[in-house]
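The structure under discussion appears below in the form of structure tokens.
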Amino acid sequence: MSEIFTIALVWSTIRLSTPLVLAALGGLFSERSGVINIALEGMMLAGAFTAAAVTYAAGNPFVGLAAGMMAGMLIAAIHAVACIRYKADQVVTGTAINILMLGLPAFLSGAFFLSSGSTPQIPKDHLIPWTPIVMALVLVPLSWYVLYKTPFGLRLRSVGENPEAADAAGVPVARMRYAGVLLSGVLAGIGGAYLSIGQSSLFTRNMTSGRGFIALAALIFGKWRPFQTLLACLLFGFTEAISIQMQGVVKLPSGEDIPVQFIQMVPYVLTIIVLAGFIGSSRPPQALGIPYQKER
Amino acid sequence: MKLLRELLFPLIAVVAAFIVGGILILIIGDNPLETYRLLFGSALSWPVGIGYTLFYATPLIFTGLAVLVAFRCGLLNIGAEGQLYIGAFATAWVGITFANLSPWFLIPMCFIAAIVGGGVWGAIPGILKARFGSHEVINTIMLNFLAVALLSYFTQYHYKAPGDPIMESIPIGPGAHIARLGKFIPGMPQFIPLNLAFVLALICCGLVYIFLWRTKWGYELRSTGTNPSAAEYGGISVRKQIVIAMTISGSLAGMVGINEVLGYRYRYYDGFSDNYGFTGIAVALLGRNHPVGVIIAALLFAVLQRGGIPVDAFTQHVTKDIVQVLQGTIILFVAAEAFFRGPFAKFGLLKRSKV
């Protein structure tokens, strides 16, 4: 077993957790403000594609990263306007965005780069393998501070728990929710950008492959709190890292590979269990998913 | 008039989505009208285009109905994707394990396997919600991933032919094959995989309608959806209804396996679903959560899917990804219907309703 638990595994865990942490923090701001965000996946894809395309065109990864953040925010803006202004069903809108973003980046890459849905390779010295990791590490305590120690955070949480009371106290409910959702787009955009210009060197079709949903699972497993969410992301990143490391290395006594599928299942099973209340209770923000209708 | 009103907003949403798609096509330098002509022209050509379009519509009718039933009970089932995989694998498992049985026994058994498989996978989030109050949306997402991982394990380690590089099971027995409609429809070649499952899908639409609007059970289910506290007060067990609705919903999704395994591939193929479960949400929503609407919406999405193929091949820049762009945009517009209500109310075309 010693050949598995190595420094490489730790490093791989960190690398695989980073996009989860960034996206989950994004989900945190949106959901604490009362807007369900299953569109994290789509926002990550927007960030990943835009970051890769702009980095390739501009030759500067930081311009790419900024563009990725903007793209995530733009997609989040669609979600926000539909859910807050037009009171659309938040889950349905999220699903729509996910389907849209499965197609749109590939559609645009196909047209701009004459490819089958991916961007061209970005030269190695234009990649940023470290910046997003550092950003994720800084953003966790920062998010905690913002949520629990600033008036902004208090207002954000209050519109997620009890918008009527918040409204009565003079908190602009809609504006706070816009802020929460837009922030989530920016953060998920960084997470996506890390995938395309940090971990790899191009955007490929559906390259998030469900990471937005795992981030959402981590957010729930972390009970909608920043530090617990970080731990959940590390745990889920670890399960992914170990399932990659184990492939073809560790064998069962019978000489067969250990099926990686069972390790891949861990995050999903854990989330279902914690949501059912078997490991402490995971209580979502009270007003999560309910559009706010101002009393006339 | 009521029908017109029901049709109005879905129609506007579709037209608006096509305009958005058209603008995108224009931006990347192709002709939108030409692209759409190609899309519809090929999907509606007789017999190959129409045959394939109906074939693509079949799973979407099933998943649309699945989402509809859950929705009428106030639940959002975004787990049709996982349920249809489990149903498909279950039906393939029966088709492989009892391959030598006579079709008279084998086909009904395969049908039941698909229905029960999907039903069980749908019941799980139902029970979790009824018993622990955990949200069905998150649980169905998790169960989708679980189903995919679980079935990929079974396919890879237990049901794959040794040495087969493709992740697919060994074939089902010939007795489990169901007939292709080409056999009965003159002029329809038999290579088109449109099969009896399409007829089954239409029958299911009728059954769902009768169940929901013509029986006491359906009434109880719908009451739970419209007002759970009133239903509870009226003596309906909301928890029971949640489990029932999710089970039926899962069963309907599971029947996609009949189309895919018994009528088309004759084996389980890992990852066969082209987002059928998620498109089902769009189908139900666009179809106004009514069985007839589901058929119409499923046909529209099937046209997109079929028409995407020649668009990919015969335009300069447009790839078949335009299909997902259109689908996503349609759902977005249908969901944010209030967006269109505003202008209509402004010009007095419609009484402003409470949104």
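These protein sequence lines map, in sequence, to chains A and B.
Each residue of the first sequence is one higher than the last, beginning at 19 in the numbering used here.
Each residue of the second sequence is one higher than the last, beginning at 2 in the numbering used here.
Where a beta carbon is used, it is the ideal one built from N, C-alpha and C, also for glycine.
C-beta atoms of residue i and residue j nearer than 9 Å
i      : j      : result
G83/B  : L129/B : no
G112/A : G210/A : no
A294/A : M61/A  : no
I179/B : Y53/B  : no
L46/A  : T247/A : yes
V39/A  : A233/A : yes
I79/B  : F302/B : no
F334/B : V15/B  : yes
I146/A : F239/A : no
R307/B : G22/B  : no
A299/B : I331/B : no
N276/B : T59/B  : no
Y104/A : A339/B : yes
L174/A : Q325/B : no
Partner residues on chain A for residue i, Cβ-Cβ distance less than 7 Å
i      : result
Y37/B  : Near Y37/B there are no residues of chain A at all, since even the closest Cβ is about 15 Å away, more than 7 Å.
L301/B : Within chain A, no residue comes near L301/B; the closest Cβ sits about 15 Å away, beyond 7 Å.
S135/B : L293 and A294
L66/B  : Here the premise fails: no neighbours, minimum Cβ distance about 17 Å.
9 Å Cβ cut-off: residues of chain A touching residue i
i      : result
Q325/B : I117, L118, M119, L120, G121, L122, A124 and F125
T225/B : The contacting residues do not exist; T225/B stays about 18 Å from chain A at best.
Y277/B : The contacting residues do not exist; Y277/B stays about 12 Å from chain A at best.
A124/B : Neighbours of A124/B on chain A: none; closest Cβ ~14 Å, over 9 Å.
F340/B : V99, A100, R103, Y104 and A106
Those residues which DSSP pairs with residue i across a bridge
i      : result
K217/B : DSSP output for K217/B lists no bridge partner at all.
K161/B : S170/B
Y270/B : E169/B
L196/B : First, the residue type needs correcting, since residue 196/B is Asn and not Leu in the sequence shown. For N196/B, which the question treats as bridged, DSSP gives the partners R181/B.
With 16 other Cβ atoms within 10 Å as the buried cut-off, status of residue i
i      : result
G128/A : buried
Q304/A : exposed
I20/B  : exposed
V156/A : exposed
Q191/B : exposed
S354/B : Here S354/B scores only 41 on pLDDT, less than 50, and its place in the model should not be relied on; the value that follows carries that caveat. By the 10 Å Cβ count, S354/B comes out exposed.
G281/B : buried
L120/A : buried
P244/A : buried
K352/B : The pLDDT assigned to K352/B is 46, lower than 50, so where the model puts this residue is not dependable; a value taken from the coordinates is nonetheless given after this. Exposed.
Cutoff 9 Å: residue i Cβ touching any chain B Cβ
i      : result
M283/A : yes
S48/A  : no
T113/A : yes
V99/A  : yes
S176/A : no
S136/A : no
L132/A : yes
K142/A : no
L234/A : yes
I96/A  : yes
K105/A : yes
Residue i: CB within 8 Å of a non-hydrogen atom of the ligand MN
i      : result
P190/A : Looking for the ligand MN in the displayed structure turns up nothing, as the structure carries no ligands at all.
Residue-chain proximity (residue i, chain A), Cβ-Cβ < 9 Å
i      : result
N140/B : yes
Q84/B  : no
A336/B : yes
K352/B : Per-residue confidence for K352/B stands at a pLDDT of 46, beneath the threshold of 50, marking its modelled position as unreliable; the derived number appears in the next sentence. No, K352/B does not count as interfacial toward chain A.
D322/B : yes
L45/B  : no
R132/B : yes
V356/B : At V356/B, the pLDDT of 34 sits below 50, so the modelled position is not reliable; the number obtained from the coordinates is stated separately. Output row for V356/B: interface = yes.
Y154/B : yes
A177/B : no
Y158/B : yes
I79/B  : yes
L4/B   : no
V16/B  : no
Contacts that residue i makes with chain B (C-beta to C-beta distance below 7 Å)
i      : result
Q263/A : Those do not exist, as Q263/A stays about 18 Å from chain B at its closest Cβ, beyond 7 Å.
V110/A : I282, L286, I332 and A336
I238/A : I139
F170/A : Residues of chain B passing the Cβ test: none, with the nearest at roughly 27 Å.
A129/A : I29 and H318
Partner residues on chain B for residue i, Cβ-Cβ distance less than 9 Å
i      : result
V287/A : M143 and L147
F231/A : I142, M143, N145 and F146
Chain A residues whose Cβ lies nearer than 8 Å to that of residue i
i      : result
L129/B : I290, L293 and A294
L151/B : Q279 and M283
A246/B : Chain A residues near A246/B: none, gap ~16 Å exceeds 8 Å.
Closer than 9 Å to chain C by CB, residue i
i      : result
Q328/B : Checking the listed chains, one finds no chain C in this structure; the protein chains it contains are A and B.
Residue i: contacting residues in chain B (beta-carbon distance under 8 Å)
i      : result
G228/A : F146
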